[in-house]
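J.:
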Amino acid sequence: MMHLRGKGKVKRLCSLALTPMFVLGCCAGTQAASEKKQQTDYSMAVKATDDSRLDYAELKKRMLGRYDSHLEQLKQAENGYVSVFATDGKGVGDGQLPKGFSPWWQASASGKINKNVAGVDTDVTSLFARALNHSSQIKVFGDLPLIRETTIKEAEGAFDFTIFAEGSLSDLDEPVGDDLKTGGPLRYEETSKNLQYGIKKKFITGTDVELSQNIGDLDTNSVYFNPPDQAWTGTVLTIRQPLLKAFGLDYNKAQLNLASIDTLTAQDELRRQVESHLLEISRAYWALYMERSLLLQKSRLADKTREILKKMDRRTAVDIPSSLLARAKSQVHGHELAAMQAEYAVLNAQSKIRALVNDPALLNDKGVEMVTRQLPVNALHTIPYDTVLQTTLNNRPEVAQSVRQIQSAVLRLDQSQNELRPNLDLFLKTYVKGLEGDYEYGQSYSNQFEEGGPGFVGGLRFEYPLSNNSAEARNLRKKIEVRQLVRQLDTTVENVLLEAEVSYRELIKNYRSMVQSYQIMRADEQEVKELIVSVDYLLAQNEPYGDILYRLLDANERLTESEELYAKNELTYNYSTYNLHRAMGILVSTNNIAFTRGEDEDKLPRMKLEKTTTTNGAAAGQ
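In structure tokens:
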């Protein structure tokens with residue numbers, strides 16, 4: 016057994032000797048993988064924050080640099096995609112609209128429709144400007160950074176100068192057990208007054224300084240008390256400096272830095288909320304334009320159907336059976352119903368805009384028609400895919416918020432690591448005191464500087480919990496929080512890039528849908544034209560044409576359906592440009608919206624959002 020133990024010991028010694036070599040070999044073999052892993056874990060975030068020294072731009076650059084390869088992969092994958100419908104490199108429905116094309120209803124949709132009410136010109140740009148001035152939702156969003164900003168002032172308050180004063184009055188009357196205290200009297204009587212006042216301050220280094228002045232008087236019935244009716248004064252300077260825990264600029268400025276970061280995070284949130292609200296306004300505008308277009312289309316169809324019905328009615332004795340006439344009448348009523356419903360849809364779309372904008376000018380007791388002056392564009396919006404991705408990563412407020420949260424978490428981690436240290440405080444107290452009888456306060460004050468010298472006391476105070484469980488638990492929690500927020504950044508980046516990808520593809524899809532619906536509409540127009548030519552020809556030849564009239568009825572219905580399809584695709588495409596800008600985080604900047612501070616009528620701070628220049632709404636959507 017002794018021999019076996021020896022062999023075991025030798026084996027263990029050999030193992031220990033070989034372990035460093037083994038570890039070095041493994042480290043050399045996995046160095047690249049380890050370095051790659053370091054780019055995603057909590058320690059990388061800690062190092063990046065330490066290196067940036069609270070420089071947000073540098074930290075953001077370091078953190079987002081981790082996604083460069085991912086962006087390149089997304090770009091290559093998008094470029095490598097070939098549609099299953101592609102033929103010779105060209106997909107179904109590829110092409111463009113004729114240059115200068117505009118549908119027949121465009122001129123009417125951009126002008127007054129209801130002559131009985133006042134009109135208010137609207138476009139996306141003007142609605143944005145109205146919302147910035149009047150929207151209660153935007154005002155709510157604007158208060159958030161102002162509320163957070165107050166925490167900066169609150170954090171600065173920890174380093175304010177503080178004045179203090181304390182006064183006391185004492186009157187003692189108590190029995191004594193020996194003659195030494197009073198020199199005869201059986202009860203000790205003492206009357207005293209004391210006033211302490213001064214100023215104190217905590218410095219950014221963690222140093223606590225207090226300067227105080229004490230003034231008081233004292234009189235007793237003791238025969239040993241000399242001089243009688245004493246007036247005493249004392250000037251005291253007290254300094255306490257932490258040497259380990261709570262030491263240093265970084266620790267003591269942490270709350271101030273955290274408050275500043277929180278304020279900037281709130282500004283990012285304001286921009287996110289504003290962009291979402293402006294996107295809803297753009298959606299509401301194009302929805303109104305579409306409903307006005309549909310109203311014109313359905314009204315025109317109802318008129319055409321009534322005209323055809325009149326012609327069919329005159330042909331009932333010739334070549335139109337009563338059943339077909341009844342069916343035609345049903346279609347007329349159906350189209351009139353659709354036109355009536357479309358009118359109410361316009362009113363509902365206007366109400367949606369008013370709710371989003373909150374401008375009183377958009378409503379009065381006599382009714383208002385919102386005239387949609389901004390025309391849709393049908394040119395292809397061209398922007399490189401990789402530009403979309405990179406712009407999204409750099410400009411989305413959600414990404415900025417995630418980076419700032421990591422910045423804050425690392426600051427809190429630094430605080431918790433500082434709090435792992437023992438308490439070791441240096442303290443120093445120096446003073447001068449004066450004394451004079453007959454309640455001569457002034458002379459006593461002079462004596463403290465003219466007689467004797469200053470006294471002092473100094474030393475060190477040490478304190479450390481044996482287990483330190485609280486500080487260690489906090490530190491561990493902060494480390495996990497940093498790791499969690501790095502992973503949250505990854506999630507946020509994935510989500511915003513997904514939005515950008517989908518928005519980019521939706522823009523292209525909607526453009527192609529618009530082109531194809533145009534082709535459908537043109538085919539239906541051609542059918543209607545040919546049927547009208549047939550009716551005219553048969554009428555000239557005095558031949559029956561009743562069945563052609565009914566076919567014309569159906570053809571007009573199909574044409575209106577294709578016109579509606581085109582209108583919806585056209586306006587969906589125009590909305591897509593705003594949606595893409597929102598997904599890229601540039602909807603505010605492309606519309607020249609600036610955030611400035613001001614005051615309201617109550618002299619309270621307010622965040623003002625205003626357009627710095629006037630831009631064409633259609634262009635802004637490009």
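Heads up: the sequence shown begins at 16 in this note's numbering, then just goes up one per residue. Backbone N, C-alpha and C fix where the C-beta goes; we use that ideal spot for every residue, glycine too. Computed from a prediction, not measured in an experiment: that's the story for all the values here.
Do the segment 354-371 and the segment 310-327 make contact, defined as three or more Cβ pairs closer than 8 Å?
T.: Taking 8 Å as the limit for Cβ pairs, the verdict is that the segment 310-327 does touch the segment 354-371.
J.: In the DSSP assignment, what residue or residues form a beta bridge with Trp247?
T.: DSSP, once it has assigned bridges, lists Gly231, Leu450 as partnering Trp247.
J.: Using the C-alpha atoms, what's the distance from Gln416 back to Leu595?
T.: C-alpha separation (whole angstroms): 20 Å.
J.: Starting from Asn209 and walking both ways along the beta strand (DSSP E), at which residues does that stretch end?
T.: 202-217
J.: From Lys623 to Ala146, what distance separates their C-alpha atoms?
T.: C-alpha separation (whole angstroms): 12 Å.
J.: Taking the continuous beta strand (DSSP E) assigned at Pro190, which residues delimit it?
T.: 177-190
J.: Ala317: which of Thr592, Leu574, Glu585, Arg612 sits nearest, CA to CA?
T.: Each of Thr592, Leu574, Glu585, Arg612 was checked against the Cα of Ala317, and the nearest Cα belongs to Leu574.
J.: Can you give the Cα-Cα distance for Leu553 and Asp334, rounded to whole angstroms?
T.: 13 Å
J.: CA-CA distance, Leu271 and Asp244?
T.: The alpha-carbon atoms of Leu271 and Asp244 are separated by roughly 51 Å.
J.: Suppose you measure from the CA of Leu443 to the CA of Arg436; what does that come to, to the nearest Å?
T.: 22 Å
J.: Give every residue of the same chain whose Cβ lies closer than 6 Å to the Cβ of Ser185, excluding the five residues on either side of it in the sequence, and list them in chain order.
T.: Ser207
J.: Can you tell me which of Phe610, Leu580, Asp188 puts its alpha carbon nearest to the alpha carbon of Asn236?
T.: Asp188
J.: When you compare the CB positions of Met3 and Ser577, do they come within less than 8 Å of one another, or not?
T.: Past the edges of the chain, shown from 16 to 637, lies residue 3, and the structure says nothing about it.
J.: Is it a yes or a no for the segment 471-487 touching the segment 440-454, going by three-plus beta-carbon pairs under 8 Å?
T.: yes
J.: Hey, out of Tyr460, Glu434, Gln499, whose CA is closest to Asn483's CA?
T.: Glu434
J.: So what does Glu295 bridge to, in DSSP terms?
T.: Glu295 is not bridged to any residue.
J.: Look at the alpha carbon of Gln405 and the alpha carbon of Ser314, and state the distance between them as a whole number of angstroms.
T.: Roughly 47 Å separates the two Cα atoms.
J.: Measuring CB to CB, does Ala376 end up less than 8 Å from Val132?
T.: no
J.: Can you give the beta carbon distance from Ile398 to Val289, rounded, assuming they're within the 8 Å contact cut?
T.: Not really, about 22 Å apart at Cβ, beyond 8 Å.
J.: Between the alpha carbons of Lys524 and Gln531, how many angstroms are there, rounded?
T.: 10 Å
J.: Roughly how many angstroms lie between the CA atoms of Asp374 and Phe179, to the nearest whole one?
T.: 52 Å
J.: Expressed to the nearest angstrom, what Euclidean distance is found between the alpha-carbon atoms of Leu619 and Asp283?
T.: 22 Å
J.: To the nearest angstrom, how far is the alpha carbon of Val347 from that of Pro336?
T.: 17 Å
J.: For Pro620, does the three-state DSSP call read helix, strand or coil?
T.: strand
J.: In whole angstroms, give me the CA-to-CA distance for Ala605 and Thr140.
T.: Checking the sequence shown, residue 605 turns out to be Thr, not Ala. The straight-line gap separating the alpha-carbon atoms of Thr605 and Thr140 is approximately 11 Å.
J.: Among the candidates Thr222, Asn241, Leu294, whose CA atom is the shortest distance from the CA of Ala261?
T.: Thr222
J.: For Val251, which residues from the same chain have a beta carbon less than 6 Å from its beta carbon, with the 5 sequence-adjacent residues on both sides left out?
T.: Excluding sequence neighbours, Val251 sits near Ser227, Tyr446.
J.: Going by the DSSP bridge assignment, what does Pro257 pair with across the sheet?
T.: Asp440
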